[in-house]
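Engineer: The structure follows.
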Amino acid sequence: MRLIGLLLSTIALILAIASNPLPAFAQARTAPIILDGNVLFNVTESGNFTAQQRATEINQSLARVVARDEAPVVTLERVGEIPVIKVNDTYLLSITSADIPDGGDLQARAGEWARTIDKALERARYERTPEYFNGAVLRAVIAAVAGSLLSLLLGQLWQRWQNFLMLRRGESQGNSPSTADRSDKNILALIARILLAVLRIAIALALFFYITRLFPQTRQFSRTLIDTLGVALTSDLFPLGNKSFSILDLLRLLGLIGLLILGASNFRQILRVRVLSLTGLSRAAQETIASISQYLTIFIGTIVVIQLWGLELSSLNVFAGVLGVGVGLGLQGIAKEFISGLALIFERPIQIGDFIEVGELMGTVEHINARSTTIVTLDRVSVIVPNSRFLESEVINWTHRSPISRLKIPVGVAYGSPVETVREILLAAAKEHSEVLSQPAPIVFFKAFGDSALQFQLLVWIREPTQQFRIKSDLYFLIERHFRDRAIEIPFPQRDLNLRSGSIPLDLSPELSETLHQLSQRLDRWMEK
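Here numbering that gives the first Met the number 0 is used: position 48 in the sequence shown is 47, and no number is missing along the way.
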């Protein structure tokens with residue numbers, strides 16, 4: 000829950016930042032005066048010059064002053080009623096009433112700007128000295144090392160926290176967690192990795208901007224990059240309906256939908272563990288109700304989020320048409336599996352915990368979701384089966400409504416064996432096994448006179464279909480032991496050859512016949528000795 004709380008806090012912080020427009024772009028009629036990436040103040044349009052034109056000219060003049068070796072001297076003069084700021088007796092800018100839209104003393108504002116420019120020029124000259132450069136390099140190296148160590152430490156702490164969280168969830172679910180529980184753990188692990196990556200990226204970006212702002216040569220690049228990213232993120236680039244949305248708007252929508260999906264997943268878990276487990280319903284019924292609740296929450300929540308985001312649902316008619324075409328073409332398979340999943344959830348031909356057989360696949364249904372069903376085989380291998388397969392092919396559900404199942408045990412004995420004794424042995428073996436039900440009672444059928452054996456079939460009923468192969472093996476062991484004790488022979492496949500005449504109807508050459516005759520005589524003489 001702490002991980003989820005941290006995730007929610009991070010998303011809320013991102014959404015809060017994204018919902019506020021950047022101040023730098025809220026002022027369309029002003030332009031900043033910038034020196035070495037530091038904003039000094041803003042100027043407005045004056046006469047035939049726009050605010051941006053004035054700012055560009057002033058910024059270029061300040062850059063030329065800094066590039067000279069001459070120490071700058073800022074003076075404030077008055078030309079008529081207009082204050083004028085000069086640097087080294089060179090005109091820099093004039094201050095007009097348009098520069099103080101909120102009213103105030105024009106001369107006081109001019110003096111304030113002159114002092115600001117003087118301090119900025121003095122700092123610019125200091126930042127170009129070897130003393131400052133060496134100190135900045137040292138701070139940059141220390142920051143890079145500290146950031147790297149922080150990233151490594153964060154990864155180790157996150158890994159330990161994740162392992163502790165998974166261990167605690169595993170202990171709370173028992174020694175054999177279901178596939179749904181393992182899926183929740185995988186989701187938490189994915190969220191943990193994403194958050195760790197986001198935090199590491201944030202550390203890297205913070206280091207980048209911190210180091211670039213240490214040096215005047217790169218500070219302007221850093222500010223330009225931030226301004227460019229701000230414009231790219233806040234510009235309306237995606238028209239939907241009657242409105243246009245920016246990248247930040249789309250990120251906010253994705254964040255809200257992700258928050259909704261996460262909340263629906265936690266709601267499903269809480270509903271199943273805290274509420275449905277107390278109702279006495281079967282595990283399959285609990286999973287079905289929880290899954291339906293999760294999908295309904297996501298569906299209704301998505302509609303609400305889209306409307307709160309500012310998009311009218313009526314403007315999605317075209318998108319719905321395109322989506323319909325996509326479902327009919329590229330998404331046909333996905334839609335087919337999703338509809339099949341809904342049919343399985345509502346009609347419930349199979350449920351979680353059922354022991355089923357589909358084709359050559361036999362196992363226990365572990366989890367049913369929208370597109371596929373997880374089956375755990377007798378070898379403890381999880382197999383993901385598309386939902387449509389359960390509706391298109393025959394499914395044997397050994398535990399549907401009642402788990403009691405009948406097993407067929409074929410047995411063959413040699414000709415001449417007492418059949419009543421065989422019948423008694425088979426029934427005794429069935430009665431001896433503890434997992435064979437007494438009601439319905441075991442039955443023995445004399446099936447046929449086989450080519451090599453008398454064919455019998457023992458029918459028994461069991462309560463655990465998942466154990467049928469072990470029970471069959473146990474019964475065969477018991478039957479073989481009883482047959483051996485009672486001298487009942489179990490034959491192997493054989494054929495008897497009967498000749499109607501006294502000789503073999505084969506045509507032999509005279510030489511071969513003579514040789515065989517001589518060998519026969521020698522054999523007779525040897526046997527007489």
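We put the beta carbon where it would ideally sit given N, CA and C, even for glycine.
Values in this document were obtained by computation on a predicted structure and should not be read as measured data.
What does the alpha-carbon distance come out to for the pair E527 and S512?
Structural biologist: If you number the sequence shown from 1, residue 527 lands on position 528. If you number the sequence shown from 1, residue 512 lands on position 513. The straight-line gap from Cα to Cα measures roughly 23 Å.
Engineer: For the segment 373-418, list the alpha helix (DSSP H) runs that are entirely contained and at least 4 residues long, ordered along the chain.
Structural biologist: Qualifying alpha helix (DSSP H) stretches, in chain order: 387-391.
Engineer: Just to confirm the assignment: which complete beta strand (DSSP E) runs, minimum length 3, are found wholly within the segment 407-473?
Structural biologist: If we require 3 residues or more, the beta strand (DSSP E) runs fully inside the segment 407-473 come out as 442-448, 453-461.
Engineer: Answer yes or no: do L39 and A119 have a C-beta to C-beta separation smaller than 7 Å?
Structural biologist: Mapped onto the sequence shown, residue 39 falls at position 40. Mapped onto the sequence shown, residue 119 falls at position 120. For L39 and A119, yes; Cβs fall inside 7 Å.
Engineer: Nearest-angstrom Cα distance between F482 and E488?
Structural biologist: For the purposes of this step, residue 482 is taken as the residue at position 483 of the sequence shown. For the purposes of this step, residue 488 is taken as the residue at position 489 of the sequence shown. If I take the Cα positions, the gap works out to 7 Å.
Engineer: Taking only three categories from DSSP, how would you classify L250?
Structural biologist: For the purposes of this step, residue 250 is identified with residue 251 of the sequence shown, where counting begins at 1. Three-state result, L250: helix.
Engineer: Would you kindly report the start and end of the unbroken alpha helix (DSSP H) that includes R127?
Structural biologist: Counted from its first residue, the sequence shown places residue 127 at position 128. From DSSP, R127 is part of no alpha helix (DSSP H); its letter is neither H nor E.
Engineer: To the nearest angstrom, report how far apart K85 and D98 are at their CA atoms.
Structural biologist: Stepping through the sequence shown from its first residue, residue 85 is reached at position 86. Stepping through the sequence shown from its first residue, residue 98 is reached at position 99. If you take the alpha carbons of K85 and D98, they lie about 17 Å apart.
Engineer: Taking 6 Å as the limit between beta carbons, can you name the residues of its chain near Q161, skipping five residues before and five after?
Structural biologist: For this step, residue 161 is matched to residue 162 along the sequence shown. Result list for Q161: A191, in chain order.
Engineer: Would you check if the segment 259-268 and the segment 288-305 touch, i.e. whether three or more CB-CB distances between them fall below 8 Å?
Structural biologist: The segment 288-305 is in contact with the segment 259-268.
Engineer: For a test of the three-state rule: what should DSSP assign to P31, helix, strand or coil?
Structural biologist: Along the sequence shown, one-based indexing puts residue 31 at 32. Residue state, collapsed to three classes: strand.
Engineer: Is the beta carbon of A50 less than 7 Å from the beta carbon of A30?
Structural biologist: Counted from its first residue, the sequence shown places residue 50 at position 51. Counted from its first residue, the sequence shown places residue 30 at position 31. Yes, the pair counts as a contact, with Cβ atoms nearer than the cut-off.
Engineer: Distance, Cα to Cα, W460 vs E479?
Structural biologist: Taking the first residue of the sequence shown as position 1, residue 460 is located at position 461. Taking the first residue of the sequence shown as position 1, residue 479 is located at position 480. If you take the alpha carbons of W460 and E479, they lie about 20 Å apart.
Engineer: Determine which residues share a DSSP beta bridge with T43 and list them.
Structural biologist: For this step, residue 43 is matched to residue 44 along the sequence shown. Partner(s): T29.
Engineer: May I have the straight-line CA-CA distance separating Q219 from T211, to the nearest angstrom?
Structural biologist: The residue you call residue 219 lines up with position 220 of the sequence shown. The residue you call residue 211 lines up with position 212 of the sequence shown. Distance between the alpha carbons of Q219 and T211 is about 9 Å.
Engineer: In the DSSP assignment, what are the bridge partners of F244?
Structural biologist: The sequence position of residue 244 within the sequence shown is 245, counting from 1. Note: F244 sits in a beta bridge opposite F237.
Engineer: Determine, using beta carbons only, whether G340 and A369 come nearer to each other than 7 Å.
Structural biologist: Translated into positions along the sequence shown, residue 340 becomes position 341. Translated into positions along the sequence shown, residue 369 becomes position 370. Going by C-beta atoms, G340 is nearer than 7 Å to A369.
Engineer: Quick one: Cα of S508 to Cα of D523, how far?
Structural biologist: Position 509 of the sequence shown, counted from the start, is the residue given in the question as residue 508. Position 524 of the sequence shown, counted from the start, is the residue given in the question as residue 523. About 23 Å.
Engineer: Should the segment 425-438 be called in touch with the segment 457-475, which here means at least 3 C-beta pairs below 8 Å?
Structural biologist: Flag = yes, the segment 425-438 and the segment 457-475 touch.
Engineer: Which of helix, strand or coil does DSSP assign to P82?
Structural biologist: Residue mapping note: residue 82 aligns to position 83 of the sequence shown, counting from 1. Strand, per DSSP.
Engineer: Give every residue of the same chain whose Cβ lies closer than 6 Å to the Cβ of N58, excluding the five residues on either side of it in the sequence, and list them in chain order.
Structural biologist: Here residue 58 corresponds to residue number 59 of the sequence shown, with the count starting at 1. Here the set comprises I33.
Engineer: Starting from F48, follow its DSSP beta bridges and name the residues at the other end.
Structural biologist: Walking along the sequence shown from the start, residue 48 turns up at place 49. Its beta-bridge partners are S45.
Engineer: From the DSSP output, in three-state form, read off E359 for me.
Structural biologist: Within the sequence shown, residue 359 is the residue found at index 360, counting from 1. In this structure, E359 counts as coil in the three-state DSSP scheme.
Engineer: In terms of DSSP beta bridges, what is L232 paired with?
Structural biologist: The residue labelled residue 232 in the question sits at position 233 within the sequence shown. Partner(s): none; L232 has no beta bridge.
Engineer: Decide if M350 is buried, meaning its Cβ has at least 16 other Cβ atoms within 10 Å, or exposed.
Structural biologist: In the sequence shown, residue 350 corresponds to position 351, counting from 1. A small correction: the amino acid at residue 350 is Gln; Met does not occupy that position in the sequence shown. The residue is buried, with at least 16 neighbouring Cβ atoms inside 10 Å.
Engineer: So what's V364 in DSSP terms, helix, strand or just coil?
Structural biologist: The sequence position of residue 364 within the sequence shown is 365, counting from 1. V364: strand per DSSP, three-state reduction.
Engineer: R77 by DSSP, collapsed to three states: which one?
Structural biologist: Translated into the one-based positions of the sequence shown, residue 77 becomes position 78. Looking at R77 - three-state DSSP - the assignment turns out to be strand.
Engineer: With 16 as the cutoff for other CB atoms within 10 Å, does G362 come out buried or exposed?
Structural biologist: On the sequence shown, residue 362 is found 363 positions in, with the first residue counted as 1. Buried is the call here.
Engineer: So what's F354 in DSSP terms, helix, strand or just coil?
Structural biologist: As a position in the sequence shown, residue 354 is number 355, starting the count at 1. The answer is strand: DSSP assigns F354 an E or B state.
Engineer: Grab me the residues of A15's own chain with a C-beta within less than 6 Å of its C-beta, minus the 5 sequence neighbours each way, in chain order.
Structural biologist: As a first step, residue 15 is located in the sequence shown; it is residue number 16 there, counting from the start. Confidence at A15 is low in this model, with a pLDDT of 43, below 50, so the placement of that residue is unreliable and no value is reported for it.
Engineer: Measuring CA to CA, which of T278, L250, V73 is closest to E121?
Structural biologist: For the purposes of this step, residue 121 is taken as residue 122 along the sequence shown, with counting starting at 1. Answer by Cα proximity: V73.
Engineer: Buried or exposed: P215, going by 16 or more other Cβ atoms within 10 Å of its Cβ?
Structural biologist: Sequence index remark: in the sequence shown, residue 215 carries index 216 (1-based). So P215 counts as buried.
Engineer: Grouping DSSP H, G and I as helix and E and B as strand, with all else coil, what is N265?
Structural biologist: Sequence index remark: in the sequence shown, residue 265 carries index 266 (1-based). DSSP places N265 in helix when its eight states are reduced to three.
Engineer: Can you tell which of V272, Q517, E311 has the C-alpha that lies nearest to the C-alpha of A289?
Structural biologist: Residue mapping note: residue 289 aligns to position 290 of the sequence shown, counting from 1. Cα-wise, what sits closest to A289 is V272.
Engineer: Taking just the CA atoms, how far does G358 sit from R400?
Structural biologist: Taking the first residue of the sequence shown as 1, we reach residue 400 at position 401. Taking the first residue of the sequence shown as 1, we reach residue 358 at position 359. Their Cα atoms are separated by approximately 21 Å.
Engineer: Return yes when the Cβ of S245 is within less than 7 Å of the Cβ of S234, no when it is not.
Structural biologist: For the purposes of this step, residue 234 is identified with residue 235 of the sequence shown, where counting begins at 1. For the purposes of this step, residue 245 is identified with residue 246 of the sequence shown, where counting begins at 1. Taking 7 Å as the Cβ cut-off, S234 and S245 qualify as a contacting pair.
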